[in-house]
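Reading through the structure tokens given below for one structure.
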Amino acid sequence: MTHSGQIPILLAIMLLIVACGAEKQSSIPSAPYFANYAEARTVADSTGQAVLVNFYTDW
Amino acid sequence: MIDQKAIDFFTTEVILAKVNAEVDSLLAQEFHISGYPTSVLVGEDGEEIDRIVGYLEVDDFLKTIVDYQNGIGTLDDLLARAELEPDRELYLEIAEKYKYRGGSDEARNWYQKVIDAGEPTDSLSGEGRMSLADMLRRAKEYEQALEAYGSIMKDFSGEMIAQDAEIWRAIAYRQMGDTTQAINAFQEYIEHYPESEDVEYATKQIDKLKGVEPGT
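Chains A and B, in that order, are what the protein sequence lines are.
If you read the first sequence in this note's numbering, its first letter stands for residue 1, the second for the next number, and so on.
If you read the second sequence in this note's numbering, its first letter stands for residue 60, the second for the next number, and so on.
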């Protein structure tokens with residue numbers, strides 16, 4: 001269940017680019033993220049990692 | 060604010076997805092999200108490992124995720140521990156986890172265990188009884204919810220939990236559409252707890268229920 005595999009460099013760069021987007025209300029400070037669960041899932045399936053899905057609203 | 064620990068963690072350990080629940084409401088519904096923010100850790104098999112509801116400091120947040128990945132503090136972990144030793148606080152924790160996952164029946168069972176394993180008027184039973192009353196109200200089982208709030212008010216008279224039960228009782232009347240009883244209940248609340256910070260809320264509710272325009 002635990003995953004410690006490293007994300008490929010290109011993916012890491014991509015995630016960091018995504019992190020430059022506007023920060024949304026959440027309990028998580030700025031960190032690389034996907035704004036879409038399906039995309040995150042696809043990457044997780046290839047890397048064997050877990051996904052943390054942070055649900056927020058703009059209320 | 061940039062937090063390097065979080066950046067490192069979500070670059071190398073866990074993939075992060077931030078989902079606006081108003082935009083992707085189906086996904087939020089699928090995960091039984093009832094409050095914000097809620098962070099659900101999903102394993103590689105697509106199944107939920109566990110979730111964090113509300114805000115945590117970054118260090119606590121990351122530690123909790125790592126613990127979950129190691130099977131510590133998850134629902135399964137708590138259930139296994141509850142098998143080994145009777146612990147009412149553990150039962151309460153299990154009930155909360157079920158509640159946040161949308162498992163109403165299981166949550167009710169575990170809240171009931173909290174009550175059954177102690178005295179009906181001790182503080183943990185009070186928490187359990189209040190949670191059960193809230194679940195009944197949310198499920199629109201108003202008559203039962205009102206009865207539950209009423210018994211908490213009686214059994215915990217003079218304690219904070221009785222005060223909470225009284226305002227929620229008024230809200231339950233309002234939600235069930237009984238305007239007269241709701242106005243009476245809010246007025247009683249104001250009379251019983253004139254120093255409460257909720258007096259302003261109760262007063263506004265009475266005005267709304269009477270159709271009084273704000274500021275008139």
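Every residue, glycine too, gets a C-beta built ideally from N, C-alpha and C.
DSSP links residue 110 of chain B through a beta bridge to B/99.
Straight-line spacing of the CA atoms in residue 202 of chain B and residue 193 of chain B works out to 12 Å. The criterion of a C-beta distance shorter than 8 Å is not satisfied by residue 176 of chain B and residue 157 of chain B. DSSP places residue 242 of chain B inside the alpha helix (DSSP H), whose first and last residues are 238-251.
In the three-state scheme derived from DSSP, where H, G and I count as helix and E and B as strand, residue 90 of chain B is classed as coil. Annotated as distal: residue 258 of chain B and residue 265 of chain B, with beta-carbon spacing of 8 Å or more. Here residue 190 of chain B has 170 as same chain residues with Cβ atoms under 6 Å from its own Cβ, once five neighbours each way along the sequence are excluded.
Straight across, the Cα-Cα distance linking residue 239 of chain B with residue 256 of chain B is about 23 Å. In its chain, beyond the 5 residues on either side, 173, 174, 177, 178 have a beta carbon closer than 8 Å to the beta carbon of residue 184 of chain B.
Secondary structure of residue 56 of chain A (DSSP, three-state): strand.
Taken through DSSP and simplified to helix, strand or coil, residue 174 of chain B comes out as helix.
Secondary structure note for residue 78 of chain B: its beta strand (DSSP E) is the uninterrupted segment 74-79.
Where residue 152 of chain B is concerned, the enclosing alpha helix (DSSP H) starts and stops at 147-159. Think of a sphere of 8 Å around the beta carbon of residue 149 of chain B: no beta carbon from chain A falls inside it, the nearest being about 22 Å out.
Inclusion of residue 268 of chain B and residue 241 of chain B in the CB contact set at 8 Å is warranted, their separation being smaller than that value. One thing to note: residue 212 of chain B has its Cβ within 8 Å of the Cβ of residue 224 of chain B. Assignment of residue 34 of chain A by DSSP, reduced to helix, strand and coil, places it in the strand class. Of the candidates B/218, B/233, B/124, B/77, the residue whose Cα lies closest to the Cα of residue 41 of chain A is B/77. In this model, residue 105 of chain B and residue 51 of chain A are separated by some 9 Å (Cα to Cα). Nearest C-alpha to residue 226 of chain B among B/214, B/236, B/209: B/209.
Of the other Cβ atoms in all chains shown, fewer than 16 fall within 10 Å of the Cβ of residue 82 of chain B; this residue is therefore exposed. Taking all protein chains in view, the Cβ of residue 85 of chain B is surrounded by fewer than 16 other Cβ atoms within 10 Å, so the residue is classified as exposed.
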